[in-house]
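Chains as they are written, first to last, in the working numbering: chain A, 1 to 10; chain B, 1 to 215. Notes to accompany the following structure.
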Amino acid sequence: CQSSPVKDEL
Amino acid sequence: MNIFRLAGDMSHLLSVILLLLKIRTTKSCAGISLKTQELYVVVFLARYLNLFTRYYSFYNTVMKLVFIATSVCIVWYMRFHKVVKQTYNKDLDTFRHYVVIPPCFLLALLVHHEFTVMEVLWTFSLYLEAVAILPQLILLQRTRNIDNLTGNYIFLLGAYRALYLLNWIYRFFMEKAQARWISWISGLVQTALYADFFYYYIKSWKNNEKLKLPA
Chain A
1 CQSSPVKDEL
Chain B
1 MNIFRLAGDM SHLLSVILLL LKIRTTKSCA GISLKTQELY VVVFLARYLN LFTRYYSFYN
61 TVMKLVFIAT SVCIVWYMRF HKVVKQTYNK DLDTFRHYVV IPPCFLLALL VHHEFTVMEV
121 LWTFSLYLEA VAILPQLILL QRTRNIDNLT GNYIFLLGAY RALYLLNWIY RFFMEKAQAR
181 WISWISGLVQ TALYADFFYY YIKSWKNNEK LKLPA
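Now the structure itself:
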């Protein structure tokens, strides 16, 4: 599975 | 940051401010589901854990604090405020919301990007948020006259994730961002649950009549 997406969203 | 995400965040912010204003000015929470509000507290606490570990921007930090604070405040009003709690439709708000928590957590344990505490909780918050509106929509069908503030609150709440879907499309094509299947599918399910509400809300707005959901 991919690396986790950047959590810059709310 | 793009216009879709900013519009989405503002729509979300406006929805919680509208709800707080409704409760504070009318001293009533009639038509509002406490179950949905409690699910949102769990969603925000599970999702914003990185508040203390990662600093993205002042905006990001402030908005996370605002969402946590307002959701806790709304639950406090509905549970403990002596006047407001009398107006809670306890007999209509019967969705057993604790039933949706374990399946969402289990799914997060099975389907996630990385198997770490933060990532699983973040994924859990996405799955939970997708279904958190269910108690509120069910309560709406049981509520005879839905006041405008409540209708607008739910419309803005639904609009925020719909705008996030546009934000993800934008980021995928414009920023060559990676595929975010978990966010995309959760967001689609969440927005789809509002479909019939959107239909009746826009219809009532066009015909300038009272919002009414079929039972």
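Just so you know, even glycine gets a beta-carbon here, dropped at the ideal spot from N, CA and C. As the structure is a prediction and not an experimental result, all values here were calculated from the model.
Among the options, whose alpha-carbon lies nearest the alpha-carbon of residue i?
i                : options                                : result
Leu165 (chain B) : B:Tyr77, B:Asn152, B:Ala179            : B:Ala179
Ala192 (chain B) : B:Met63, B:Arg171, B:Ser28, B:Glu129   : B:Glu129
Phe105 (chain B) : B:Phe197, B:Leu21, B:Leu18, B:Leu39    : B:Leu39
Tyr199 (chain B) : B:Asn208, B:Val189, B:Leu213           : B:Leu213
Tyr48 (chain B)  : B:Val66, B:Leu21, B:Leu20, B:Gln136    : B:Val66
Leu140 (chain B) : B:Ala177, B:Ile182, B:Lys210, B:Asn167 : B:Lys210
Under 9 Å, do residue i and residue j count as touching if we go by C-beta distance?
i                : j                : result
Gly8 (chain B)   : Ala159 (chain B) : yes
Thr36 (chain B)  : His97 (chain B)  : yes
Val131 (chain B) : Val100 (chain B) : yes
Met78 (chain B)  : Val84 (chain B)  : yes
Tyr170 (chain B) : Asn60 (chain B)  : no
Thr70 (chain B)  : Val111 (chain B) : no
Can you look up residue i in the DSSP assignment and give me helix, strand or coil?
i                : result
Leu57 (chain B)  : Here residue 57 (chain B) is Ser; the residue named in the question, Leu, does not match the sequence. If DSSP states are grouped into helix, strand and coil, Ser57 (chain B) belongs with coil.
Asp8 (chain A)   : coil
Cys1 (chain A)   : Because the pLDDT at Cys1 (chain A) is just 48, under 50, the model does not fix this residue reliably, and the point stays unresolved.
Pro103 (chain B) : helix
Gly31 (chain B)  : coil
Pro135 (chain B) : helix
Arg144 (chain B) : coil
Lys206 (chain B) : helix
Val75 (chain B)  : helix
His81 (chain B)  : coil
Would the region 114-128 of chain B count as touching the region 39-56 of chain B if we require 3 or more Cβ pairs under 8 Å? As far as the Cβ criterion goes, the region 114-128 of chain B touches the region 39-56 of chain B, which means the pair count is three or higher.
Cβ contact (3+ pairs, closer than 8 Å) linking the region 204-214 of chain B and the region 139-149 of chain B: yes
Give the residues from the region 112-124 of chain B that approach chain A closer than 7 Å (Cβ to any Cβ), ordered along the chain. His113, Glu114, Glu119, Trp122
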